[in-house]
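Encoded as structure tokens, the structure appears first; notes follow it.
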Amino acid sequence: MSLKEAEARVKELESEIEQLLRHNDPNLDTDSIRHELTRARDKTLKEAYDNLTSYDRVYLARKSTRPNARDYIDALFDHFFELKGDRLAHEDASIIGGLAYFCGVPVTVIGTVKGKSLEENLTCNFGMPNPEGYRKALRLMKQAEKFKRPIITFIDTPGAYPGIAAEEHGQGEAIARNLMEMGSLTVPVIAIVIGEGGSGGALALSVANQIWMLENAVYSILSPEGFAAILWKDRSRAQEACEFMKLTAQDLYDFKIVERIFSEPRGDLCDNAQIVYKQIKRALQETLPELMHMTPKALVEQRYKKFRTIGDCSDNAM
Amino acid sequence: MEELFQQRKEKLNLFKALIRPPKPVKPKEVPTGLYTRCTDCGQDILSEELEQNLFVCPLCGAHMKLYAPKRIKMLVDEGSFREMNERLKGKNVLGFPGYNSKIDKLQRLTGLNEAVITGIGKIEGVRTAIGVMDSRFIMGSMGAVVGEKITRLVEYATRKRLPLVLFSASGGARMQEGIISLMQMAKTSNAIARHHQAGLLYISYMTHPTTGGVTASFASLGDIILAEPKCLIGFAGQRVIEQTVNQKLPEGFQRAEFMQQQGFVDRVVERKDMRSTLAFLLKFHRQEG
Chain X
0 MSLKEAEARV KELESEIEQL LRHNDPNLDT DSIRHELTRA RDKTLKEAYD NLTSYDRVYL
60 ARKSTRPNAR DYIDALFDHF FELKGDRLAH EDASIIGGLA YFCGVPVTVI GTVKGKSLEE
120 NLTCNFGMPN PEGYRKALRL MKQAEKFKRP IITFIDTPGA YPGIAAEEHG QGEAIARNLM
180 EMGSLTVPVI AIVIGEGGSG GALALSVANQ IWMLENAVYS ILSPEGFAAI LWKDRSRAQE
240 ACEFMKLTAQ DLYDFKIVER IFSEPRGDLC DNAQIVYKQI KRALQETLPE LMHMTPKALV
300 EQRYKKFRTI GDCSDNAM
Chain C
0 MEELFQQRKE KLNLFKALIR PPKPVKPKEV PTGLYTRCTD CGQDILSEEL EQNLFVCPLC
60 GAHMKLYAPK RIKMLVDEGS FREMNERLKG KNVLGFPGYN SKIDKLQRLT GLNEAVITGI
120 GKIEGVRTAI GVMDSRFIMG SMGAVVGEKI TRLVEYATRK RLPLVLFSAS GGARMQEGII
180 SLMQMAKTSN AIARHHQAGL LYISYMTHPT TGGVTASFAS LGDIILAEPK CLIGFAGQRV
240 IEQTVNQKLP EGFQRAEFMQ QQGFVDRVVE RKDMRSTLAF LLKFHRQEG
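Here it is in structure tokens:
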């Protein structure tokens, strides 16, 4: 049973429980039936979560109820002061950024934002930035560097927006510049993938000293649908593609791209987000001071090496 | 130059025959016809004439595909090119079915080890680090080997204080290597950053097509960006854009001339002027000592 099916089953069981309680039939042993149903519900949920496929994780990572970058900023930082605009052309609401305190330390936070309703999504373009968004992010990162503040980014995006204006305004150039400039930042950078890490659009905010991921977040070269379309000319084989692509947090940890994984509770993350917030807070409390003690040169060197070593090749092996 | 590539190809084949049982050699798919059809105007052109004309259609001026070995031959001072890392080998990280054999087959067909040739050569006497992508190799896509070869070239150029010219021809990151391919964008861009910081010249030369993860990394980061006439330059594919925005794309969208109008290309250079243009720029930035 896939997670989606399990969720449907859980919903059924829950409505049965509700009906049972509402009718409160005296001829029935309500308590024991309720107990049975609850147990069945928990078992279904546990089984599904214990056997999550990569496809299930993609589904979870994309869930619209999942906490978005704004939720993380609210939960983890104090006095968030949002800064807007790329100072060149536009303000792109699909990337949010600004100043905040983390446990009293001034930091710069940046994140791609997905909306939770259609209305929100129309404003933030479903979390798909235009070049202006990446340029705003870069402006804020350079500003952080000037004032020697650590940078924390939250990544949750299907990818950079494939639109006409986006191309006209240099989507490729904007991403490329972020990759290059982020690589040279003399302050600590930590990137946290909280949902969907989609392609170059995600990479443009994750050239970091450390990359962390939530257990059910994904990070991939392209959406599974796009991957299937390119390799098999068939978008409907996305599920199959997921199992191939090695896009889960564990996969990226094994590739040594990701340094930390935060475990997620069973069921909807939005119901128990505190569990994840706490882990991230602890990790930041642990790691930020370590990184802030490093010299600017050492920070740049460590970041360079992190990406330099990805993609093993052997000489003379042909 | 041509001879060198031919020799290497032969050696490669010999070596492969040693480690694998010989298979019956299929005839190449490339037609060895007297005529070649122009990909743009559709006219048949005498192949020999086309080659003499640098693979530019003499009738309509279309710049047809120019494979990396030929481009290098046209570009560098005779006998000056020394290839680097020509035997680098990657891994099938996703365990993608048929990927290894696809690479083997392409290696045999093209004589290349991957989608880019890198090395050091002289252009009108200026020693230059040169990388040329070849779109025959899985659409010139960038996987670990391409990323590594380019990074090593850029790092070498930085160490030896050499100018750098990279010719891009790529569909973007290589799907078959998943996230590892994506990370090559960061790796190459970081190496370019150090080359810039050392005060050295990097010329990005965009050829057809320059798209996806290559546009979104080293190809867009040149001090000077040149492009071949009408070559495709963009991040997202045209079909994807059309499906997303549900409207027709503007005339000339994502072509070199269009991207120049948009401010992302310094000059569109005809192939006959490639060598002299690069020579001028390299000499202009020449650093003594």
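Protein sequences appear in the order of chains X and C.
First residue of the first sequence? That's 0 in numbering that gives the first Met the number 0, and the numbers climb one at a time after it.
First residue of the second sequence? That's 0 in numbering that gives the first Met the number 0, and the numbers climb one at a time after it.
Positions of the beta carbon are idealized from the N, C-alpha and C atoms, including for glycine.
- Between Q253/C and E166/X, the CB-CB gap stays under 8 Å.
- Here K121/C is bridged, per DSSP, to R126/C.
- A distance below 6 Å between beta-carbons, with the five flanking residues on each side excluded, links S262/X to the following residues of its chain, in chain order: E214.
- By the Cβ neighbour-count rule, H22/X is exposed, with fewer than 16 other Cβ atoms within 10 Å of its own.
- In the displayed model, H207/C falls within a strand according to three-state DSSP.
- Contact of D314/X with chain C by beta-carbon distance below 9 Å involves N84, R86, L87 and K88.
- The C-alpha of M182/C is placed about 27 Å away from the C-alpha of Q284/X.
- Contacts between I240/C and chain X, judged by CB atoms closer than 9 Å, involve P161, G162, I163, A165 and E166 in chain order.
- For G198/C, there is no enclosing alpha helix (DSSP H), as DSSP marks it with neither H nor E.
- Interface with chain X (8 Å Cβ-Cβ cutoff): N91/C is excluded.
- Listed in chain order, the positions of the region 161-185 of chain C with a beta carbon within less than 9 Å of a beta carbon of chain X are G170, G171, A172, R173, M174, Q175, E176, G177, I178, I179, S180, L181, M182, Q183, M184 and A185.
- Here V104/X is bridged, per DSSP, to F101/X.
- The count of Cβ pairs closer than 8 Å, one atom from the region 116-136 of chain X and one from the region 154-170 of chain X, reaches three, so the stretches are in contact.
- Secondary structure of A173/X (DSSP, three-state): helix.
- Annotation: K101/C to K280/X spans about 46 Å, alpha carbon to alpha carbon.
- At least one CB atom of chain X sits nearer than 8 Å to the CB of E147/C.
- DSSP places L287/X in the helix class (H, G or I) of the three-state scheme.
- Inclusion of L184/X and A136/X in the CB contact set at 8 Å is not warranted, their separation being larger than that value.
- Rounded to the nearest angstrom, the Cβ distance from E82/C to G118/C is 4 Å, consistent with a contact under 8 Å.
- Interface annotation, Q170/X: in contact with chain C, CB-CB separation under 8 Å.
- Relative to L152/C, the option among G110/C, F217/C, I240/C and I223/C whose CA is nearest is F217/C.
- Along the region 141-217 of chain X, the alpha helix (DSSP H) occurs as fully enclosed runs of 4 or more residues at 163-167, 170-182 and 198-202, listed in sequence order.
- With respect to chain C, the C-beta atom of D311/X has a partner C-beta closer than 8 Å.
- Inclusion of A68/X and V106/X in the CB contact set at 8 Å is not warranted, their separation being larger than that value.
- Residue environment: S180/C is assigned as buried (16 or more neighbouring CB atoms within 10 Å of its CB, all protein chains considered).
- One alpha carbon belongs to D103/C, the other to P264/X, and they sit about 45 Å apart.
- Listed as beta-bridge partners of Y34/C by DSSP are L45/C.
- Exclusion of the five residues before and after V164/C leaves T127, I129, I202, Y204 and L277 as the residues of its chain whose Cβ lies within less than 7 Å of its Cβ.
- As DSSP reads the structure, H62/C sits in a beta bridge with V55/C.
- With a threshold of 16 other beta carbon atoms within 10 Å, F54/C meets it and is buried.
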